[in-house]
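The first sequence runs 7 to 181 under my numbering. Heads up: the structure comes next, in structure tokens.
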Amino acid sequence: MTRLKKDYFSQPTLEVAKDLLGKELIFREYKGLITETEAYIGQDDPACHAARGKTPRTTVMFGPAGVSYVYLIYGMYFCLNIVTEAEGFPAAVLLRGLHLKHPESKNLNGPGKLCKHLGITREHNGLDLTTSDVFYVQDNSLKPGYIATPRIGIKVGTEKLWRFIIIEDFSAIHD
DNA sequence: ACCCCGATCGTA
DNA sequence: ACGATCGGGGTT
7 MTRLKKDYFS
17 QPTLEVAKDL
27 LGKELIFREY
37 KGLITETEAY
47 IGQDDPACHA
57 ARGKTPRTTV
67 MFGPAGVSYV
77 YLIYGMYFCL
87 NIVTEAEGFP
97 AAVLLRGLHL
107 KHPESKNLNG
117 PGKLCKHLGI
127 TREHNGLDLT
137 TSDVFYVQDN
147 SLKPGYIATP
157 RIGIKVGTEK
167 LWRFIIIEDF
177 SAIHD
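Structure below.
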């Protein structure tokens with residue numbers, strides 16, 4: 007059991023997005039298994055926030071891997087991403103689902119619900135998950151099966167199957 | 001300064 | 001099917 011480091015998040019985004027399934031997200035007192043992700047990859051991906059270049063909001067996506075990208079969506083919800091790939095290449099993995107195991111068992115399906123329940127807001131944007139002691143991803147031995155589908159809520163780039171969902175039911179698993 | 005609209009979600 | 005709610009970013 008080891009914490010995922012810079013080298014891990016620097017891999018190709020699709021690899022990271024798939025491999026993060028089943029890994030443990032730790033945020034303060036919360037711990038849960040990642041059950042759903044989406045990949046947003048570079049300026050050729052029209053659905054990527056950084057598709058039209060670097061702006062104040064998307065600056066962190068151009069930065070080093072393993073850093074959080076948190077943004078406000080629809081004026082009401084926050085979404086949590088982890089930046090991937092080489093510095094200068096804007097890409098990230100959106101965390102869309104978490105099977106919370108601690109301090110309570112709860113299925114957080116949806117990026118807005120995930121952030122709301124954990125208390126993740128704009129103030130958690132730009133944090134380095136590879137050095138923080140309270141916000142990071144922990145490796146484990148799980149190798150869950152998954153399916154790939156189009157990404158949710160976008161109007162462009164829908165032909166890419168860049169959403170990944172765990173098949174297994176983790177409701178009975180605890181550490 | 002203005003305006004459009006979005007990587008969502010709960011309610012109807 | 002739809003409204004809530006507001007900031008990012010392009011346009012005037």
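Beta carbons: idealized from backbone N, C-alpha and C, even for Gly. Nothing here was measured: the structure is a model prediction, and the numbers come from that model.
**Study point:** Run of the beta strand (DSSP E) containing residue 89, from where it starts to where it stops
**Key:** Mapped onto the first sequence, residue 89 falls at position 83. Residue 89 -> beta strand (DSSP E) spans 83-89.
Practice item. Please determine if the segment 128-143 and the segment 69-87 are in contact, where contact requires at least 3 C-beta pairs separated by less than 8 Å. Key: yes
Point to revise | residue 129 (DSSP reduced to helix, strand or coil) | key: Taking the first residue of the first sequence as position 1, residue 129 is located at position 123. Of the three classes helix, strand and coil, the one that applies to residue 129 here is helix, per DSSP.
Point to revise | Where residue 9 sits in the DSSP three-state scheme | key: Reading the first sequence from its first residue, position 3 is the one you call residue 9. Residue state, collapsed to three classes: strand.
Point to revise | Local conformation of residue 92 per DSSP, three classes | key: What you label residue 92 is simply residue 86 of the first sequence in a count that begins at 1. The answer is coil: DSSP assigns residue 92 none of H, G, I, E or B.
Review point. Apart from the five residues just before and just after residue 51, which ones in its own chain have a Cβ nearer than 7 Å to its Cβ?
Key: To locate residue 51, count along the first sequence from 1; it is residue 45. The residues are 57, 163.
Point to revise | Three-way DSSP call (helix, strand, coil) for residue 21 in this model | key: For this step, residue 21 is matched to residue 15 along the first sequence. Helix, per DSSP.
Exercise for review: Report yes if the CB atom of residue 86 is closer than 9 Å to the CB atom of residue 106, and no otherwise.
Suggested key: Within the first sequence, residue 86 is the residue found at index 80, counting from 1. Within the first sequence, residue 106 is the residue found at index 100, counting from 1. No, the Cβ-Cβ distance between residue 86 and residue 106 is not below 9 Å.
**Study point:** Buried versus exposed, by CB contacts within 10 Å (16 or more), residue 167
**Key:** Reading the first sequence from its first residue, position 161 is the one you call residue 167. That one is exposed.
Check your understanding: To the nearest whole angstrom, what separates the beta carbons of residue 88 and residue 97, a pair I think is in contact under 8 Å?
Key -> To locate residue 88, count along the first sequence from 1; it is residue 82. To locate residue 97, count along the first sequence from 1; it is residue 91. About 10 Å separates the two Cβ atoms, so there is no contact after all.
Review point. Excluding five sequence neighbours on each side, which residues of the same chain lie with their C-beta closer than 7 Å to the C-beta of residue 92?
Key: What you label residue 92 is simply residue 86 of the first sequence in a count that begins at 1. So the qualifying residues of the chain are 16.
Review point. CB-CB under 6 Å to residue 111, same chain, minus the five flanking residues each way: which ones, in chain order?
Key: Looking up residue 111 in the first sequence gives position 105. So no residue of the chain qualifies.
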